[in-house]
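Asker:
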Amino acid sequence: MRINTRTIGVSAVVCLFVLLVSGLAASADIQPVNFGQDHIKMQWYLVNYGSDNGVLFANARKYYTNPTVKEETIQLIVEKFGTDQEVADGLYFTEYGYVYSSDGKSFAVTYINHYDMLGGVIRSTEYDESSREFIGMSKEMIPFKAYQYASGKAPAPKK
């Protein structure tokens, strides 16, 4: 029985590559942080955070657990952006991108994306650097809670 060393060698290299890539992906995973419900009963999760070119950032998702707020948001998407009612009715969550000032006292929104249950984008709005408005933070605000993780002041959740 003759063993093809070339096939074994290629297979070994592929296996090592897969292990390396999966190991890097696992170490880079950010575990979602459940922020619970806000004052209007919307469920929030921190889904990504860190530093990009020395600027701290965070991405948070708001799930529509309050039907009144969900309906108001759907109507806003339809009326302001001309989105089809049937498409907007699929609203499931909204994701916000935040960047923080160097002193950590204010934040600006970088994007707002509205999604359906399957993760399809219903409406996406991005704000470039020239159109971002920095807003002061208070401890009750979701961007403040997210900043604690982005800045390393809050411990990363365990995997």
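Residues -17 to 141 in the working numbering are what the sequence shown lists, from first letter to last.
Positions of the beta carbon are idealized from the N, C-alpha and C atoms, including for glycine.
Use the C-beta contact count for V15: other C-beta atoms within 10 angstroms, 16 or more gives buried, fewer gives exposed.
Answerer: With 16 or more Cβ atoms within 10 Å of its Cβ, V15 is classed as buried.
Asker: So what does DSSP say about Q13, is it helix, strand or coil?
Answerer: In the structure shown, Q13 sits in coil (DSSP, three-state: anything other than H, G, I, E or B).
Asker: What residue from Y131, P137 and A136 has the CA that sits closest to Y31's CA?
Answerer: Nearest C-alpha to Y31: Y131.
Asker: Would you check if the distance between the CB atom of D98 and the CB atom of G134 is smaller than 8 Å?
Answerer: Going by C-beta atoms, D98 is not nearer than 8 Å to G134.
Asker: Excluding the 5 residues flanking I59 on each side, which residues of the same chain have their C-beta closer than 8 Å to its C-beta?
Answerer: Taken in chain order, the residues that qualify are T65, A70, L73, H96, I104 and R105.
Asker: Report the residue from Y80, Y45, I22 and Y93 whose alpha carbon sits nearest the alpha carbon of A128.
Answerer: Selected option, being the one with the closest Cα: Y80.
Asker: Could one say the Cβ of Q130 lies closer than 8 Å to chain B's Cβ atoms, at least one of them?
Answerer: As a matter of chain content, chain B is missing from the structure shown, which is built from one protein chain.
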